[in-house]
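Residue numbers (our numbering): 9 to 300. Before any comments, here is the structure.
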């Protein structure tokens, strides 16, 4: 089975399909029989990723709702170039008319983008799941320093290409746990990353990086949606961030995925999916938080 999956197109999501949509290329997974045609999950990948990155969930659980994973600007085979930060949450907004009050789920960069999008369109969503996410940096000095750091990474992408960039990017301690992504999903995930456009990802860092986004912390008190904060046990940095988000949000809860790090949703896909199905239940109009 694993060898067969490695022979398949890594951008064609296992258990689903890739389709062109009005808002760009998306990955789709139909609801498992028994779920009906209710509201689904809208998924937002991280930096350097792709909508197909969520494919391991289909293998991890035999029964899941409909899932639609967008490709962020500057990412994927049908890459849409970005011109600034607003293009990133706009990609989420563009996908919403095709769904009925979905549960919005974002990872890392995708979590930051999902949070920014949710703050503008709360009424169109049932809830928000932030995996290893943040609300940006709080001071101009921090954003300026992060912008300089992202510019250096962008320069590496443009001068050396994807292979050299990935070798250094994946060595960062905060994301080193991605080595735990189980086979064959890790091999497919890495192949997708290496086939991204280096120049486009450089733009993604410059326009969608943490240094480019606004400080969302002051707006968190106005977020009335239930917010599920998920972080890996081994991700000490983002466990601190999750605790700070939990303190700032009016309706939130933190869950820690044991034995996983920054990419806990794919490092431990079975545990993550079980957690999602335990915490969220389908309702007549969208999803409800169960705290089960």
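By construction, the Cβ of each residue, glycine as well, lies at the ideal position given by its N, Cα and C atoms.
- If you look at residue 93, you'll find it isn't in any beta strand (DSSP E); DSSP assigns it neither H nor E.
- Annotated three-state conformation of residue 272 is helix, per DSSP.
- Residue 193 carries a helical assignment under DSSP once its states are collapsed to helix, strand and coil.
- Annotation for residue 136: 112, 126, 233, 235 place their beta carbon closer than 6 Å to its own, counting only its chain and skipping 5 residues before and after.
- When Cβ pairs closer than 8 Å are counted between the two stretches, the region 42-56 is seen to touch the region 73-83, the count reaching three or more.
- Per DSSP, residue 215 lies in no beta strand (DSSP E) segment; the continuous alpha helix (DSSP H) that holds it begins and ends at 206-216.
- For residue 36, the closest C-alpha among the options 43, 27, 42 is that of 27.
- Counting only the Cα atoms, residue 273 lies some 21 Å from residue 217.
- With fewer than 16 other Cβ atoms from the protein chains shown falling within 10 Å of its own Cβ, residue 131 counts as exposed.
- Burial state of residue 257 is buried, judged by a 10 Å Cβ sphere holding 16 or more other Cβ atoms.
- Between residue 267 and residue 222, the alpha-carbon positions lie close to 32 Å from each other.
- Secondary structure remark: continuous beta strand (DSSP E) runs of at least 3 residues inside the region 247-271, in chain order: 260-265.
- Judged by DSSP secondary structure, residue 121 falls within the alpha helix (DSSP H) whose first and last residues are 117-128.
- Taking a C-beta distance under 8 Å as the contact criterion, residue 102 and residue 185 do not qualify as a contact pair.
- Here residue 215 is buried, its C-beta having at least 16 other C-beta atoms within 10 Å.
- With respect to residue 174, residue 200 sits apart: the two C-beta atoms are not nearer than 8 Å.
- For the options 283, 298, 291, 277, the alpha carbon positioned closest to that of residue 68 is the one of 277.
- Sequence-distant partners of residue 245 (beyond 5 residues in either direction) whose C-beta falls short of 7 Å from its own C-beta, in its chain, are 182.
- Here the alpha carbons of residue 99 and residue 204 stand approximately 18 Å from one another.
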